[in-house]
Amino acid sequence: MTAACYSLPAVLDLGQAPVLRSELLARRGSALTLDASAVDRLGGLCLQVLLAARRTWDGDGHALAIASASEAFLNQWTAFGADPSAVQGDAA
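Numbering (the working numbering), first residue to last: 50 to 141.
Below is the structure:
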């Protein structure tokens, strides 16, 4: 079974956090790949939403992965001190 894919928006800031949470919860219950190729800005609250999603997917027994992460996404992810392996994985 192929994982569903959700393309993250370019800006993941405070205003986007509730939208991101809703979009992720709507896809709960199966493996999910997040396409981060278009992300230009990652804020702390959206980082928390993504980390919480990882815990939720793990608890549900499903994979959550980030694919094609942009350089900006990766730089901001690590600048917050987050471990890239927290959302890396095979969601196929």
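Built from N, CA and C at the ideal position, the CB exists for glycine as well.
Quick check: the Cα distance between Gly93 and Leu73, rounded to an integer number of angstroms? Those two C-alpha atoms are separated by around 17 angstroms.
- prompt: Under the rule that 16 or more other beta-carbon atoms within 10 Å means buried, what is Phe129, buried or exposed?
  reply: The C-beta of Phe129 has fewer than 16 other C-beta atoms within 10 Å across all chains shown, which makes the residue exposed.
_Relative to the C-alpha of Asn124, which candidate in Thr105, Leu96 and Asp107 has its C-alpha closest?_
Closest option to Asn124, Cα to Cα, is Leu96.
Rounded to whole angstroms, what is the Cα-Cα separation between Asp109 and Val60?
Those two C-alpha atoms are separated by around 28 angstroms.
For this session: Enumerate in chain order the residues of its own chain whose CB-to-CB distance from Cys54 is below 7 angstroms, with the five nearest sequence positions on each side excluded.
Result: Residues of the same chain with a CB within less than 7 angstroms of the CB of Cys54, apart from the 5 flanking positions on each side, are Thr82 and Asp84 in chain order.
Task: Buried versus exposed, by CB contacts within 10 Å (16 or more), Leu99 - done: Counting Cβ neighbours within 10 Å, Leu99 comes out buried, since at least 16 surround it.
request  = Put Ser71 into one of helix, strand or coil per three-state DSSP.
outcome  = DSSP, reduced to helix, strand and coil, places Ser71 within a helical segment of the structure shown.
Exercise. When DSSP labels each residue in this structure, what does Ala128 get in the three-state scheme?
Worked result: In the structure shown, Ala128 sits in a helix (DSSP, three-state: H, G or I).
Helix, strand or coil at Arg77 according to DSSP, with G and I counted as helix:
Here Arg77 sits in coil by DSSP.
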